[in-house]
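Just so we're aligned: the sequence shown equals residues -12 to 184 in our numbering.
Everything below concerns the one structure shown next.
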Amino acid sequence: MTFEEYLKSKGLTEEQIADIVGGMKENKLYLSAEENIDERYGKLKGQHDEASGKLTAAEELIKQLQPQAKGNEELQGKIADYEQQVKDAEERAAKAERDASVKVALLANGALPEDVDYLMYRIEQGDAEVKVDEGGKLSGMDEAVKSLKTTCPKNFAVGKSGAEVEEKPLPTGSGEKKTEPQSLEDALRQAYEPNKE
């Protein structure tokens, strides 16, 4: 049940519902299908901040050691290794932050929690392009969600996907109504005998 449907079940009019939903956006109040999303996001942000702090400390140590390493090839090699490790750790932290932001955005747009990893895979395979800018904001997420809702409608909650597909199978046969077989022998005969027209 969506939030709008819940409000409607409580007897609110369409205008009142639109006013409430509009007011929520203005006051930066958001709903999520996930339970305790603020707590989960806070934990992820804390882990990211901790990793960022460790990276900053490592960079400071490298800067302090560089002047002492002049002429010492072994120490220069270690510094180069540490610089590469710091760079790799920064890339992993940026990817983890991007992935967490994309997952939260997918859930907020009605993705089924059990399908979020699959939708992330589709984004990584290039079905949709999502980037994180320097301020930590996602760009291209709206287009990605719209594309994924079109290509993977069953991975989103009904009512939020925007596209519900009703399956209508094509008619079989040449238009003639075949009689139901009464035995296995009749079924085999109907399946393998050439059509008599």
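C-beta atoms are modelled at their ideal positions from N, C-alpha and C, and glycine is treated no differently.
The structure displayed is predicted, hence computed values, not measured ones.
Cβ neighbours of residue i in the same chain (closer than 7 angstroms, five flanking residues each side left out)
i: aspartate 75; result: none
i: proline 168; result: Ala174, Gln177
i: lysine 141; result: none
i: leucine 219; result: The structure shown has nothing for residue 219, since the chain only spans -12 to 184.
Beta-carbon proximity list for residue i, same chain, < 6 angstroms, skipping 5 on both sides
i: isoleucine 4; result: Glu(-9), Leu(-6)
i: aspartate 102; result: Asn142
i: isoleucine 185; result: Given a span of -12 to 184 for the chain in the structure shown, any question on residue 185 remains unanswerable.
i: leucine 31; result: Ala87
Span of the alpha helix (DSSP H), counted from its first residue to its last, around residue i
i: phenylalanine -10; result: -10 to -4
i: leucine 175; result: 171 to 179
i: alanine 5; result: 1 to 13
For residue i, three-class secondary structure by DSSP
i: alanine 150; result: Unreliable positioning characterises alanine 150 in this predicted model, as indicated by a pLDDT of 46, which lies under 50. The coordinate reading is nonetheless provided below. In the structure shown, alanine 150 sits in coil (DSSP, three-state: anything other than H, G, I, E or B).
i: glutamate 184; result: Because the pLDDT of glutamate 184 is 46, which lies under 50, any placement of that residue in the model is unreliable, and the number read from its coordinates should be weighed accordingly. It is coil, neither helix nor strand.
Spatial neighbours of residue i in its chain, beta-carbon cut-off 8 angstroms, leaving aside the 5 residues before and after
i: tyrosine 28; result: Ala87, Val91
i: isoleucine 7; result: Leu(-6), Leu(-1)
i: lysine 12; result: none
i: glycine 127; result: Ala115, Glu116, Val117, Lys118
i: aspartate 120; result: Ser126
Residue i Cβ short of 6 angstroms to the ligand ADP heavy atom set
i: arginine 27; result: For the structure depicted, the ligand ADP is absent and the ligand set is empty, with no information on it obtainable.
Q.
I'd like to know if the stretch 109 to 119 and the stretch 62 to 71 are in contact, where contact means that at least 3 CB-CB pairs between them fall below 8 angstroms.
A. Touching, no.
Checklist entry - Should the stretch 33 to 41 be regarded as contacting the stretch 75 to 93, the criterion being three or more beta carbon pairs within less than 8 angstroms? => result They touch, by the three-pair rule.
Requested in this report: Please go through the stretch 90 to 138 and give each complete alpha helix (DSSP H) segment of 4 or more residues, from N-terminal end onward.
Outcome: Residue ranges of uninterrupted alpha helix (DSSP H) with 4 or more members, entirely inside the stretch 90 to 138 and ordered along the chain, are 103 to 111, 128 to 138.
task: Could you tell me whether the stretch 84 to 91 touches the stretch 43 to 53, using the rule of 3 or more Cβ pairs below 8 angstroms?
output: At 8 angstroms Cβ cutoff, the stretches do not touch.
Worksheet item: In chain order, which continuous runs of the alpha helix (DSSP H) of length 4 or greater are located wholly inside the stretch 17 to 67?
Response: Within the stretch 17 to 67, the complete alpha helix (DSSP H) runs of at least 4 residues are 24 to 55.
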